[in-house]
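All residue numbers for the sequence shown refer to our numbering, where the first residue is 6 and numbers rise by one. All C-beta atoms, glycine included, are put in the ideal place defined by N, C-alpha and C. Quick caveat, the model's predicted, so the values are computed rather than measured.
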Amino acid sequence: VLSYFIPRKIIVCADSSKFIHIKKGFSQHKFITIPNGIDINKFKRSSQERSFFRNKINVKSDETLYGTVARFHPIKDHITLIKSIYRLKNTGYKFKYLLVGENISNKNKLLNEIIKKYRLEETMILLEKEENISLVMNALDLHVLSSKSEALPMVILEAMACGTPCISTNVGDIKNLIFDKNFIVETSNQSELFSSMRIFSDSNKKYKEQISISCEKQIKENYSLEKMTKKYLNTYLKYKNSKK
6 VLSYFIPRKI
16 IVCADSSKFI
26 HIKKGFSQHK
36 FITIPNGIDI
46 NKFKRSSQER
56 SFFRNKINVK
66 SDETLYGTVA
76 RFHPIKDHIT
86 LIKSIYRLKN
96 TGYKFKYLLV
106 GENISNKNKL
116 LNEIIKKYRL
126 EETMILLEKE
136 ENISLVMNAL
146 DLHVLSSKSE
156 ALPMVILEAM
166 ACGTPCISTN
176 VGDIKNLIFD
186 KNFIVETSNQ
196 SELFSSMRIF
206 SDSNKKYKEQ
216 ISISCEKQIK
226 ENYSLEKMTK
236 KYLNTYLKYK
246 NSKK
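Structure (structure tokens):
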């Protein structure tokens, strides 16, 4: 109720967040969507970072490396992800898979039991902490987001800024980021996720490079920290003295 009287405007980072709040009773006329931005001077394509980090985790330059940056939590749905990885591996594809995030380690009993159940011990690489996520994104050939819910996933922005193709569940405003419908899948659907990963794996080198270039361009043009800051400033200047 207070949203109708107190704030002049309510800023959200995703249209999906706006719709959720409106359904809960917030004033639909108060919302402005300003997408999150990232530092494109930090998150950018780097062959040096790619080589450095691959050496760090003992992955060869010619090995295929897929990965997911996400804390271990039910909403991130690592279980569906691992089942999809198993299916891809069992179909005959050769790759390594890197998991990075809070509670992603050999100390996580549940995670390691799942990995062992699907016989992925030689495929999975677990890393609980990495301060420089740009290193991770540059090292990957593909980033996969398996979350059940998000608004505007920062990891997708970060991966794309480094020229890393992405597959994601259909969460939040992901359709504003990933345009190829082959790489957007429904949540908690291991078959769709596996199929999407297989489609990417089967794509030729030229097409993968086209995706990579498109990713970089998308972030530079629409999701830079500079662009986000400018939108916030312009919004503030526009409404600071208004009564509505």
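Query	Result
Meets three-Cβ-pair contact criterion under 8 angstroms: the segment 218 to 237 and the segment 162 to 170	yes
Three-state secondary structure assigned by DSSP to Thr73	strand
Coil, strand or helix - His148 by DSSP	strand
Own chain, CB closer than 6 angstroms to Phe58, minus 5 neighbours either side, in chain order	Leu140, Ala144
Inside the segment 138 to 218 only - beta strand (DSSP E) runs reaching at least 3 residues	147 to 150, 171 to 174
Sub-8 angstroms separation of Ser229 and Gly42 beta-carbons	yes
Pair within 8 angstroms by beta-carbon distance, Thr38 and Lys23	yes
Sufficient close CB pairs (3 or more, under 8 angstroms) joining the segment 83 to 90 to the segment 186 to 196	yes
Inter-stretch contact (C-beta, 8 angstroms, three-pair minimum) for the segment 51 to 66 and the segment 118 to 125	no
Short Cβ contact (8 angstroms threshold) for Ser51 with Asp178	no
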